[in-house]
Amino acid sequence: MSEQARGERVPDEQASSEHARSEQVPDERASSEHARSEQVLSRQVAEHARHRRARRAVVWAGRLGLAAGAILTWELISGTLVRPFFVSTPSAVAERLATWAVSPDFWFHARFTLTSTALGFLSGALLGLLLAWPLALRRVAYRVVEPYFLIAYSVPAVALGPVFILWFGIGLTPKIVLAAYFVFFVVFINTVEGIRQVPQGLIDVTRVMGGDRWVTLRSVLLPGALPYVLAAFRVTLPAAMIGAVVGEFIASNRGIGYLTRAAAGRYQTAGVIAGTVVLAAIVLLLSLALRPLSRVLRWRPEVRLRGEEVS
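And the structure:
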C-alpha cells in the first residue's frame with residue numbers, strides 16, 4: 001500500500017510542479033511586459049520634457065531677440081531719422097530708470113499706485129462676487145437690473161475719471177473707485193455666466209439626494225463657477241492697475257501716473273518713456289504672478305471670458 005501510495009503521489013507532485021511553472025511563466029511575462037511599458041513611458045515623458053524645454057528656449061530667444069532688435073532700432077533712428085526730443089534714447093531712459101531705482105520719492109509714488117491697485121481690485125472683485133451670486137440664482141431679479149448694468153458698463157471708464165475726481169478729490173479714493181470699476185463688471189458678468197453654465201441636472205440630482213441650498217451652492221455651483229471667477233481675476237488685476245493709473249493721469253499729486261504726466265508737462269521724453277516702461281513691467285509681473293491660475297482652469301478648456309474689454 002505504501003509503494004502504491006508513493007507511486008500515486010509522485011505523478012501528483014509532478015503535475016502540481018508543472019502547474020506552478022505554467023502559472024509562473026505568464027506572471028514573469030506580464031511583469032516583463034509591464035517593465036518594458038514603464039521604460040517606454042519614461043522615455044516618452046523624458047522626450048516630451050526635452051521638447052518642451054527646447055520650445056521654451058526658442059520662445060525666450062525670440063522674445064529677447066525682438067526686444068534687442070527694437071532697442072537697437074530705437075538707438076539707430078534716434079538722432080538720425082527722428083529727433084531725440086520726440087523719442088529720446090535708450091541710454092537716457094536707462095539713466096532715468098537707474099535714478100528712480102535709488103530714489104525714495106519714486107518708491108513712494110510706486111507704493112501709492114500699487115496700494116490703489118490692490119484696494120481697487122479687492123473692492124471690485126468682492127462687490128462683483130457678492131452681487132453676482134444672488135442675482136444669478138434669481139433670474140427675474142437679474143432681468144430687472146440687467147439693463148442698468150449694461151448701461152453702466154457701456155460708459156467709458158476714462159470718461160468717469162473726472163466725475164470721480166469731482167466727487168472724491170485727488171487723493172487715493174478716486175483711484176480705488178476707478179480701479180474697482182475696471183474690475184467689477186468683468187467679475188460680475190463672468191461669475192453669473194459661470195453659475196448659469198452649471199448643468200441643471202447636477203442641481204436636480206443634488207436636491208433629490210437631500211442637499212439643501214447651502215450644499216448645492218458649495219458642492220455644485222461654486223466648483224462650476226470657479227473657473228470663470230479665476231479667469232476674471234487673472235484679467236482684472238492688470239486692469240485694476242490701468243484704472244488706477246488713469247486716475248493718476250487725470251488728476252493726482254502722487255503715483256507713477258503722476259510722475260509720467262509731470263515728465264510730459266516738462267517735455268521730458270525720457271521720463272515719459274521710463275514711466276511707461278515701469279508700468280508695463282508691473283503689469284507683466286502681475287500677469288506672471290497670476291499665471292498659475294491657468295493650471296486650475298485646464299480641466300475646463302472651454303472657459304471664455306466675457307466683458308474683458310473695458311473702454
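Be aware that the sequence shown starts at 1, since it is given in my numbering, and climbs by one per residue.
The C-beta atom is built at its ideal place from N, Cα and C for all residues, glycine as well.
{"Item": "Exposed unless 16 or more other CB atoms sit within 10 angstroms - verdict on V145", "Value": "exposed"}
{"Item": "Cα-Cα separation between V283 and G210, rounded to whole angstroms", "Value": "47 Å"}
{"Item": "Buried versus exposed, by CB contacts within 10 Å (16 or more), T260", "Value": "buried"}
{"Item": "Contact set for I273: own chain, Cβ-Cβ below 7 Å, skip 5 residues either direction", "Value": "S88, V93"}
{"Item": "V215 to A46 span [Cα, whole Å]", "Value": "43 Å"}
{"Item": "Distance, R63 Cα to Q39 Cα", "Value": "36 Å"}
{"Item": "With 16 other Cβ atoms within 10 Å as the buried cut-off, status of A180", "Value": "buried"}
{"Item": "Length of the line joining the Cα atoms of G271 and F121", "Value": "27 Å"}
{"Item": "N-terminal and C-terminal residue of the alpha helix (DSSP H) that A251 is part of", "Value": "Segment: none, A251 is in no alpha helix (DSSP H) and carries neither H nor E."}
{"Item": "Outcome for R291 when other beta-carbon atoms lying within 10 angstroms are tallied against a minimum of 16", "Value": "exposed"}
{"Item": "Residue range of the alpha helix (DSSP H) that includes I282", "Value": "269–289"}
{"Item": "Best match in R234, F182, K175 for proximity to N253 [C-alpha to C-alpha]", "Value": "K175"}
{"Item": "Assigned exposure category for T80 - 16 Cβ within 10 Å defines buried", "Value": "exposed"}
{"Item": "From V198, G243, P238, residue whose alpha carbon lies closest to that of G224", "Value": "V198"}
{"Item": "Residues sharing a beta bridge with S78, DSSP", "Value": "V82"}
{"Item": "Span separating the alpha-carbon of L131 from that of T117", "Value": "21 Å"}
{"Item": "Proximity of G257 and F182 at Cβ, strictly below 8 Å", "Value": "no"}
{"Item": "Member of V245, A244, R207, V187 whose CA lies at the smallest distance from the CA of A232", "Value": "V187"}
{"Item": "Where I242 falls: helix, strand or coil (DSSP)", "Value": "helix"}
{"Item": "Enclosing alpha helix (DSSP H) for P90 [first to last residue]", "Value": "90–101"}
{"Item": "Neighbour-count burial assignment, A157, 16 or more Cβ in a 10 Å radius", "Value": "buried"}
{"Item": "Contact between the segment 103–116 and the segment 237–245 (3+ Cβ pairs under 8 Å)", "Value": "yes"}
{"Item": "Buried versus exposed, by CB contacts within 10 Å (16 or more), R139", "Value": "exposed"}
{"Item": "Buried or exposed by the 16-neighbour rule on C-beta atoms within 10 Å, applied to R96", "Value": "buried"}
{"Item": "Three-way DSSP call (helix, strand, coil) for Q197 in this model", "Value": "coil"}
{"Item": "As assigned by DSSP and simplified to three states, the class of P156", "Value": "coil"}
{"Item": "Nearest-angstrom Cβ-Cβ length linking L286 and P238, presumed shorter than 8 Å", "Value": "5 Å"}
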